[in-house]
Amino acid sequence: MAPAPSGDRDFPWWLVAVAGLGVWMFFQIATDDAYDGVLGTLAKGIRITVFVAVVSYVMACGLGLLLAVMALSRSKVLRQIARFYVEVMRGIPIIVLLLYVAFVLAPALVSGWNALGLPEARTRDFSLLWRAIIALTLAYASFLAEVFRAGLQSVDEGQIEAAEALGLSGWQRFRHIVWPQALRTILPPLGNDFVAMVKDSSLVSVVGVADVTQLGKITAAGNFRYFETYNVVALIYLTMTIGLSILLRRFERGLRR
């Protein structure tokens, strides 16, 4: 039996189907006042959705890389701290973590701030937007930490030992030997996690952040056009996630070449 063609050589019929669905939706928006009105309202939430996804992901990457380095440290204490964080955060549903950070952790931080005798702060001064960003950062850092750890461990130890024998410092070994090779391994899962972050950013609507999903709920409750409203919500998320997936695939092919 001949081997099946790889995914990269398959003609993207799925993309044709999605494009056809998108064309139909855009035709509805252009010709139907109900769709046009819904899109005009939801467009205001796209900026919030993109901001939440990008900022949360960048912060999660930083924290995840730190945890990965701790997990590979020679210090047993650092390794145990990193493992404790990863296992606990991966075991909590993101929506539960969002609610916990928004309504438990944020008030506790404000109380701790006031207890230090610093200028008085109020819980309502702690933006719901940043509470949601912190929650997504904490959640995704645990997943990204494992991605980074696997990538760093994929580098041959002999190269690291050779670099150490040549007198390179720990930072120089990481910068010139480990990281460039690990990046090629971790880039695909990092891209997948970013696409997942864009979708999971819709969960911030449960704490009242005015993203696309939250505005969709408010719009549908006001005009009772649930079909049109959630069609547009789905189209917005599909456009963002499929666009990102195509860009990431092209980038990965470029790296392979």
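Our numbering applies: residue -15 is where the sequence shown begins, and numbers increase by one.
We put the beta carbon where it would ideally sit given N, CA and C, even for glycine.
- Counted as a single uninterrupted DSSP element, the stretch harbouring residue 107 is not any alpha helix (DSSP H), since DSSP gives it neither H nor E.
- By the C-beta density criterion, residue 212 is buried, having at least 16 other C-beta atoms within 10 angstroms.
- Burial is judged here by how many other beta carbons sit within 10 angstroms of a residue's own beta carbon; residue 157 has at least 16 and is buried.
- When rounded, the separation of the alpha-carbon atoms in residue 20 and residue 199 is 15 Å.
- The residue from 79, 111, 22 with its alpha-carbon nearest to that of residue 184 is 79.
- Inter-residue distance for residue 137 and residue 155 is about 16 Å (C-alpha atoms, whole angstroms).
- Note on residue 215: 16 or more other CB atoms within 10 angstroms of its CB, so buried under the neighbour-count rule.
- Of the residues 182, 119, 225, the one whose Cα lies closest to the Cα of residue 82 is 119.
- DSSP, read as helix, strand or coil, puts residue 87 in helix.
- Close CB contacts of residue 204 within its chain, under the 6 Å cut and outside five residues either way in sequence, are with 210, 213 (chain order).
- Taking all protein chains shown into account, residue 195 has 16 or more neighbouring C-beta atoms within 10 Å of its C-beta and is therefore buried.
- With 16 or more other CB atoms across the displayed protein chains lying within 10 angstroms of its CB, residue 49 is buried.
- By the Cβ criterion, the segment 125 to 133 is not in contact with the segment 85 to 100, since fewer than three pairs of Cβ atoms, one from each stretch, lie closer than 8 Å.
- With at least 16 other beta carbons inside 10 angstroms of its own, residue 178 counts as buried.
- Note on geometry: alpha-carbon atoms of residue 36 and residue -3 lie some 32 Å from one another.
- Residues of the same chain with a CB within less than 8 Å of the CB of residue 104, apart from the 5 flanking positions on each side, are 98 in chain order.
- The residues 191, 192, 193, in chain order, have a CB closer than 6 Å to that of residue 112 in the same chain once the five nearest residues on each side in sequence are set aside.
- By the beta-carbon neighbour count (other beta carbons within 10 angstroms, threshold 16), residue 230 is exposed.
- The beta carbons of residue 132 and residue 171 sit no closer together than 9 Å.
- With contacts defined by Cβ atoms closer than 9 Å, residue 182 and residue 228 form a contacting pair.
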